[in-house]
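Have a look at the structure below, then the notes.
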Amino acid sequence: MPLARQLTIALAASLAFAAAGARADVVLVAVAANFSAPMRLIAAEFEKASGHKAQLAFGATGAFYAQIRNGAPFQAFLSADDETPAKLAQEGLAEASSRFTYAIGSLVLWSAKPGFVDSRGEVLRTAPFAKLALANPKTAPYGRAAIEALTRLGLLNSLESKFVQGENIAQTFQFVMTGNAELGFVALSQVMKDGVVAEGSAWLVPGELHEPIRQEAVLLTAARNNAAALALLQYLKSDKARAVIRAFGYRH
């Protein structure tokens, strides 16, 4: 039976089991750090709808890749790129037919200081600042996008000495939020609330300055028959989940 059909049946069965009060299953999910806030909301709604529980771990995509290759017991993976799920599928660690783009992310240059970052990003050229935060480009796709943007702007060499590198995008956000860096490249989802930047100041980095941040979800091979994992991936495609994803500034 095609995996897409399995996913649909799994979600329908999960909803029926929940209604009947049947025993729930647990799915252990590796989630890219930029998707932390929306995924917590989605997981809570998923549990109500299906009766299953999603146990979430947040971190850098590259770090999760290494952990999965070394036998970490994750059953589903929400990556911050599309390359890592493809590699896992090629290596036999993920189900290739289960891959889909659950979100397309946006990169922003953000400061906790109101008025510090202008609407065109000229702050990178004109403002005196000591530290510029970004996620490790070797393990975090948003960090890689930041490097691409700076390269295309012709600013990489002049600003590299000011970099403060976070292990992942969550740590990068903390550097800026706490003032350890005056500004930094973070995910739009981290600073958006009700469709606007909640605090501080930000420049939405134009998409043409970096490769698209296509975030893929994938079922890991060890969980191909796990009802909760199958149901969660299907739930991510639901209108309710997509509404949450859009509310945090992602496209899909």
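Residue numbers (my numbering): 93 to 344. Note that CB positions come from ideal geometry on N, CA and C, so glycine has one too.
>> I'd like the span of the beta strand (DSSP E) that includes Thr193, first residue to last.
In response: Within the sequence shown, residue 193 is the residue found at index 101, counting from 1. Looking at the DSSP string, the run of the beta strand (DSSP E) that includes Thr193 is 192 to 197.
> Nearest-angstrom Cα distance between Gly154 and Ala232?
Replying inline: Residue numbering aside, residue 154 sits at position 62 when the sequence shown is read from its first letter. Residue numbering aside, residue 232 sits at position 140 when the sequence shown is read from its first letter. Distance between the alpha carbons of Gly154 and Ala232: 6 Å.
> Around the C-beta of Asp174, are 16 or more other C-beta atoms found within 10 angstroms, so that it is buried, or is it exposed?
Replying inline: Along the sequence shown, one-based indexing puts residue 174 at 82. By the 10 Å Cβ count, Asp174 comes out buried.
>> With three or more beta-carbon pairs closer than 8 Å as the criterion, would you say the segment 160 to 173 touches the segment 114 to 128?
In response: yes
>> Within the continuous beta strand (DSSP E) that includes Phe169, where are the two ends?
In response: If you number the sequence shown from 1, residue 169 lands on position 77. Residues 168 to 170.
> Which partner residues of Gln159 appear in the DSSP bridge assignment?
Replying inline: Here the question's residue 159 lines up with position 67 in the sequence shown. Answer is none; Gln159 lacks a bridge partner.
>> Which same chain residues end up closer than 7 Å to Tyr342 when comparing Cβ atoms and leaving out the 5 residues on each side of it in sequence?
In response: Here residue 342 corresponds to residue number 250 of the sequence shown, with the count starting at 1. The residues are Ala195, Ile196, Gly197, Ser281.
>> What does the Cβ neighbour count give for Asn317, buried or exposed, with the cut at 16 atoms within 10 Å?
In response: If you number the sequence shown from 1, residue 317 lands on position 225. With a 10 Å radius around the Cβ and a threshold of 16 neighbouring Cβ atoms, Asn317 comes out exposed.
>> Considering only DSSP beta bridges, list what Ile305 is partnered with.
In response: Position 213 of the sequence shown, counting from 1, holds the residue named residue 305. For Ile305, which the question treats as bridged, DSSP gives the partners Gly197.
> How is the alpha helix (DSSP H) around Leu180 delimited, first residue to last?
Replying inline: The sequence position of residue 180 within the sequence shown is 88, counting from 1. Here the alpha helix (DSSP H) through Leu180 covers 175 to 182.
>> Once the 5 residues before and after Gly235 are set aside, which same chain residues still bring their CB inside 6 Å of it?
In response: As a first step, residue 235 is located in the sequence shown; it is residue number 143 there, counting from the start. Once the five neighbours on either side are set aside, the close Cβ partners of Gly235 are Leu226, Ala227, Asn228, Pro229.
> What's the C-alpha gap between Val297 and Ile239?
Replying inline: Counted from its first residue, the sequence shown places residue 297 at position 205. Counted from its first residue, the sequence shown places residue 239 at position 147. Straight through space, the alpha carbons of Ile239 and Val297 are spaced by roughly 12 Å.
>> Among Ala279, Gly143, Met284, Val119, whose alpha-carbon lies nearest the alpha-carbon of Asn260?
In response: Along the sequence shown, read from residue 1 onward, the residue named residue 260 stands at position 168. Nearest option by C-alpha distance: Ala279.
> How long is the line joining the alpha carbons of Asp331 and Arg338, rounded to whole angstroms?
Replying inline: Stepping through the sequence shown from its first residue, residue 331 is reached at position 239. Stepping through the sequence shown from its first residue, residue 338 is reached at position 246. Their Cα atoms are separated by approximately 10 Å.
>> Does Arg343 come out as helix, strand or coil in the three-state DSSP assignment?
In response: If you number the sequence shown from 1, residue 343 lands on position 251. Three-state result, Arg343: strand.
>> Along the chain, where does the beta strand (DSSP E) containing Val123 start, and where does it finish?
In response: Here residue 123 corresponds to residue number 31 of the sequence shown, with the count starting at 1. First-last of the beta strand (DSSP E) with Val123: 118 to 124.
> Is it buried or exposed for Ala219, if we count other Cβ within 10 angstroms and need 16 for buried?
Replying inline: Mapped onto the sequence shown, residue 219 falls at position 127. Exposed.
>> Less than 6 Å between C-beta atoms, sequence neighbours within five positions excluded: which residues of the same chain meet that for Ile134?
In response: Mapped onto the sequence shown, residue 134 falls at position 42. So the list reads Ala333, Val336, once near-sequence residues are dropped.
> Which class does Leu133 belong to by DSSP, given the choice of helix, strand or coil?
Replying inline: In the sequence shown, counting from the first residue as 1, residue 133 sits at position 41. In the displayed model, Leu133 falls within a helix according to three-state DSSP.
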